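Undergrad: Protein chains in written order, with my numbering: chain C, 14 to 330; chain D, 297 to 590. Even for Gly, the Cβ is constructed at its ideal location relative to N, Cα and C. Please read all numbers here as calculations on a predicted model, not as lab measurements.
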Amino acid sequence: MRRTLPIAGLVLASLALGACTSGATPSPSSAAPSVAAPPPAPSVAASVAPSATPDACAAANLKLTTAGKLTIGTDNPAFPPYYDAPASPTKPWQLGDPTDGKGFESAFAYALATKLGFDKTAVAWIVVPFDNSFAPGAKKFDLDINQVSYTADRASAVDLSDGYYNLTQSVVALKANGLASVTSIAGMKGFKFGAQVGTTSLDTINNVIAPTAAAKVYTTNDDAIAGLKAKQIDGLVVDLPTAFYVTAVQVDNSAIVGQFAAPTGADAEHFSVVLVKGSPLTSCVNAAIAAMKSDGSLDAITKEWLSDKASAPVLQP
Amino acid sequence: MTLTGGPLDPGDLIGLAGRRGPRRSRRRIPPGEALRSTAIALVSTVVVVGALAYAVTSSPNWPDVRDAFFNGVWFGYSWPLLVEAFGTNIALFVIAELLILPLALILAIARGLPGPVFFPVRLLATFYVDFFRAVPGLLIIAILGFGIPALDLPGVPNDEFFWAIIALTLVYSAYVSEVYRAGIESVHWSQEAAARSLGLNRLQAYRFVIIPQAVRRVIPPLLNDFIGLQKDTVLVSSLGVVEIFREASIIKAAKFNFTPYLAVALIFIIITIPLARFTDWLVRRDAARQMSNR
Chain C
14 MRRTLPIAGL VLASLALGAC TSGATPSPSS AAPSVAAPPP APSVAASVAP SATPDACAAA
74 NLKLTTAGKL TIGTDNPAFP PYYDAPASPT KPWQLGDPTD GKGFESAFAY ALATKLGFDK
134 TAVAWIVVPF DNSFAPGAKK FDLDINQVSY TADRASAVDL SDGYYNLTQS VVALKANGLA
194 SVTSIAGMKG FKFGAQVGTT SLDTINNVIA PTAAAKVYTT NDDAIAGLKA KQIDGLVVDL
254 PTAFYVTAVQ VDNSAIVGQF AAPTGADAEH FSVVLVKGSP LTSCVNAAIA AMKSDGSLDA
314 ITKEWLSDKA SAPVLQP
Chain D
297 MTLTGGPLDP GDLIGLAGRR GPRRSRRRIP PGEALRSTAI ALVSTVVVVG ALAYAVTSSP
357 NWPDVRDAFF NGVWFGYSWP LLVEAFGTNI ALFVIAELLI LPLALILAIA RGLPGPVFFP
417 VRLLATFYVD FFRAVPGLLI IAILGFGIPA LDLPGVPNDE FFWAIIALTL VYSAYVSEVY
477 RAGIESVHWS QEAAARSLGL NRLQAYRFVI IPQAVRRVIP PLLNDFIGLQ KDTVLVSSLG
537 VVEIFREASI IKAAKFNFTP YLAVALIFII ITIPLARFTD WLVRRDAARQ MSNR
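1. With 16 other CB atoms within 10 Å as the buried threshold, where does isoleucine 158/C fall?
2. Mind listing the chain C neighbours of glutamate 456/D? Cutoff is C-beta to C-beta under 7 angstroms, in chain order.
3. Kindly list the residues whose CB is nearer than 8 angstroms to the CB of proline 224/C, restricted to its own chain and excluding five residues on each side of it in sequence; keep chain order.
4. Assign leucine 328/C to one of two classes, buried (16 or more other C-beta atoms within 10 Å of its C-beta) or exposed (fewer than that).
5. The region 195 to 226 of chain C: which residues have C-beta closer than 7 angstroms to a C-beta of chain D, in chain order?
6. Considering only residues of the same chain and omitting the five flanking positions on each side of valine 289/C, which have a CB-CB separation below 8 angstroms?
7. Per DSSP, which one or two residues make a beta bridge with histidine 283/C?
8. Can you confirm whether proline 142/C, when its beta carbon is compared against all beta carbons of chain D, has any partner nearer than 8 angstroms?
9. Do threonine 79/C and alanine 137/C have their CB atoms nearer than 8 angstroms?
10. Using the DSSP secondary-structure output, state which residues sit across from valine 161/C in a beta bridge.
11. To the nearest angstrom, how far is it from the Cα of threonine 575/D to the Cα of leucine 519/D?
12. In whole angstroms, what separates the C-alpha of alanine 261/C from that of arginine 362/D?
13. Grab the span of the beta strand (DSSP E) containing phenylalanine 206/C for me, first residue to last.
14. Tell me which same chain residues have a C-beta within less than 8 angstroms of the C-beta of alanine 120/C, skipping the five on either side of it?
15. Taking the beta carbon of phenylalanine 92/C as the centre, do at least 16 other beta carbons fall within 10 Å, making it buried, or is it exposed?
16. Using the Cα positions of isoleucine 386/D and isoleucine 569/D, report the straight-line distance between them to the nearest angstrom.
17. Please decide whether valine 171/C counts as near chain D, where near means a Cβ-Cβ distance under 8 angstroms.
18. Measure from the alpha carbon of proline 356/D to the alpha carbon of each residue in Lys82/C, Gly150/C, Pro99/C, then state which is nearest.
19. Compute the distance between the beta-carbons of isoleucine 261/D and leucine 403/D, then report whether it is under 8 angstroms.
20. DSSP three-state label for glycine 36/C, please.
21. So, does the region 369 to 384 of chain D touch the region 527 to 544 of chain D, judging by three or more C-beta pairs under 8 angstroms?
22. Just the C-alpha distance for threonine 232/C and serine 169/C, rounded to the nearest angstrom, thanks.
23. Rounding to the nearest angstrom, what Cα-Cα distance links alanine 226/C and isoleucine 246/C in this structure?
24. What do you get for aspartate 280/C, buried or exposed, if any count of 16 or more other CB atoms within 10 angstroms of its CB means buried?
25. Please compile the residues from chain C whose C-beta is within a distance smaller than 8 angstroms of the C-beta of phenylalanine 552/D.
26. Rounded to a whole number of angstroms, what is the C-alpha to C-alpha distance between proline 516/D and valine 579/D?
27. Rounded to the nearest angstrom, what separates valine 334/C and leucine 525/D at their Cα positions?
28. Looking at the structure shown, is aspartate 132/C part of a helix, part of a strand, or coil, going by DSSP?
29. Going by DSSP, which residues form a beta bridge with aspartate 172/C?
30. Give a yes or no on whether the minimum CB-CB distance between threonine 78/C and chain D is below 8 angstroms.
31. For valine 230/C, return the contacting residues in chain D, with the cut-off set at a CB-CB distance below 9 angstroms.
32. When DSSP labels each residue in this structure, what does glutamine 509/D get in the three-state scheme?
33. Can you tell me the Cα-Cα spacing of leucine 215/C and tyrosine 178/C, whole angstroms?
34. Since alanine 91/C is in the beta strand (DSSP E), which residue starts that stretch and which ends it?
35. Compare the C-beta of phenylalanine 92/C against all C-beta atoms of chain D and say whether one is closer than 8 angstroms.
36. Counting only beta-carbon atoms, is glycine 240/C nearer than 8 angstroms to chain D?
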């Protein structure tokens, strides 16, 4: 590793030089052979501009899976409230349709793309199953926006951006279940809980509730809901925005028992954009997210799609 | 070898003269030749395995694949958790197999019942086998495991482990009944005729003459289906049961690393290969017994 570091530095430096020279040459010549599609690389000026060095984050200088397009992945089905579920989603989307710019993550993705210098027509959505987002090998996406919570272990396999949403976990139960009237975490230990595999909700069951019966772990959230309906579990643990969708749309006669007090500061659980390990885009995405935080646009998007619903009693310890 | 017209080896003469019975003569392999064969096999193996290993490890993405699938840290982390979770799989396939073996035998006998009176029994048994062999096991597990408890019928258990065992039993008894049926049909009709002529009724003929012979013949395919059942216990993860595959998925998703899957594969290999050798041994023992008895 020690030996490779200076070499990596050299490579980076030469890349920067390369970016500099290619930025100086007129872009159409480089874009021409790849795609005949109308929108070529948007103008360099539109993006968030760091200072002295030539703009490595300019849309024209970004190395993309498809030239001139920002390819964003998410899983199918994409769920509300992160994605909007229109009456007839465009193919191949089954439930949520990320292409309409509605729903929290769709709105966030388009705002992020704008900050990076891509207009709406230059954004392409593809289906990326959860596992594919971190499988080794060439990736088909530039960014994957799929409610992926940051953990240090995960960040050693892929690049995870700075957070774009701090979330809290919550418990959903059938109204008829005894769990529905519990107000403290201590009072929950005797109940059976379930969560979707790969979620931090499962960690919440194991580490925060620590129930006497082992957690049931389902392939999808829909399977976990089936388990809730079949009374195989008393409580379903999901992030709070999902809990609102589950109780409002997916399960009749269910209620949010409560949310867990959100950890603060560095411990705050947050969603990150997934990028290929070592992607040159990561710093650009982080810069764009920082810009969206400082100009208030991220707050506005969060309020519009999530915050009006995000109130539930906080569970006592 | 002597029959092919080569020069007579003194060893052959000793072999032919010195041993009783019609033994096949063996040519003694000269030590030099044995050494040479071994050397060639060794070099050839090293070359082939080496070339394969080189082809895999020299690919530009090998370091990424190695870290994602053959990661020592996550292997060590996941191994004890996976071994513990495998206890659930063992419970699943042992209980299910104990139910499958008798149920499948009943089905196989039901399908073979002669005469027009038993037509509905044959029809039902045939339909059962057709249905449960046709529908993917995963669907049967999901439909029973989620569907029946959701009906909220009084007195019907809603435990997912219970329904997982029922589902595996239904699916595999269909396969196994066909194995039994093949065994029963392989017993020559004269066996039943002989049994009946001795005064045994049909049930006794099955119990004492046909079934024992049939079962002995189908032990290898029975173990084959048993291995299939062992592997299919991972499908039960779809009901939320934390067995070995689900435990591996949990670790995979938490660490963004696929090494736990490799560890699962290894555990199944460790379980399955001794069973395969045991089956081979059973078959050999059986063949030897039949040879000596006749």
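TA: Checking against the coordinates, here is how it stands:
1. Isoleucine 158/C comes out buried.
2. In chain order, Gln245 make up the part of chain C whose C-beta sits under 7 angstroms from the C-beta of glutamate 456/D.
3. Excluding residues within five positions, the ones whose Cβ falls inside 8 angstroms are Met201, Lys202, Gly203, Phe204, Lys205, Phe206, Ile218.
4. Buried, by the Cβ-count rule.
5. Correct list: Gly207, Val210, Gly211, Leu215.
6. Excluding residues within five positions, the ones whose Cβ falls inside 8 angstroms are Lys152, Val171, Asp172.
7. Histidine 283/C is bridged by DSSP to Asn179/C.
8. Closer than 8 angstroms: no.
9. Result yes, Cβ atoms of threonine 79/C and alanine 137/C sit closer than 8 angstroms.
10. Under DSSP, valine 161/C shares a beta bridge with Ser285/C.
11. Between threonine 575/D and leucine 519/D, the C-alpha separation is close to 7 angstroms.
12. Taking the straight line from one Cα to the other gives about 44 angstroms.
13. Note, phenylalanine 206/C: beta strand (DSSP E), 206 to 209.
14. Gly114, Ile314, Glu317, Trp318, listed in sequence order.
15. Phenylalanine 92/C is classed as buried because its beta carbon has at least 16 other beta carbons within 10 Å across all chains shown.
16. Taking the Cα positions, isoleucine 386/D is about 16 angstroms away from isoleucine 569/D.
17. Judged by the 8 angstroms Cβ criterion, valine 171/C is in contact with chain D.
18. Out of Lys82/C, Gly150/C, Pro99/C, the CA that lies nearest to the CA of proline 356/D is found in Gly150/C.
19. Beyond the ends of chain D as shown, which are 297 and 590, falls residue 261/D; an answer cannot be given.
20. Confidence is the limiting factor: at glycine 36/C the pLDDT is only 38, short of 50, which leaves the residue's position unreliable, though a coordinate-based value still follows. Judged by DSSP in its simplified three-state form, glycine 36/C adopts helix.
21. A contact exists between the region 369 to 384 of chain D and the region 527 to 544 of chain D.
22. Rounded to whole angstroms, the gap between the alpha carbons of threonine 232/C and serine 169/C is 24 angstroms.
23. Their Cα atoms are separated by approximately 10 angstroms.
24. Looking at its Cβ environment, which holds fewer than 16 other Cβ atoms inside 10 Å, aspartate 280/C is exposed.
25. Going along chain C in sequence order, the residues near phenylalanine 552/D (Cβ under 8 angstroms) are Phe147, Asp166, Arg167, Ser169, Ala170, Val171.
26. If you take the alpha carbons of proline 516/D and valine 579/D, they lie about 7 angstroms apart.
27. Here chain C covers residues 14 to 330 and nothing more, so residue 334/C does not appear.
28. If DSSP states are grouped into helix, strand and coil, aspartate 132/C belongs with coil.
29. Residue pairing by DSSP places aspartate 172/C opposite Leu288/C in a beta bridge.
30. It does not: the Cβ of threonine 78/C has no partner Cβ on chain D nearer than 8 angstroms.
31. Contact note: valine 230/C reaches chain D through Ser533, Gly536, Val537, Val538, Arg542, Glu543, Ser545, Ile546, using a C-beta cutoff of 9 angstroms and chain order.
32. Under the three-state reduction of DSSP output, glutamine 509/D falls in the helix class.
33. If you take the alpha carbons of leucine 215/C and tyrosine 178/C, they lie about 19 angstroms apart.
34. Unbroken run through alanine 91/C: none, as it is neither H nor E.
35. With its beta carbon at least 8 angstroms from every one in chain D, phenylalanine 92/C lies outside the interface.
36. The Cβ of glycine 240/C sits closer than 8 angstroms to at least one Cβ of chain D.
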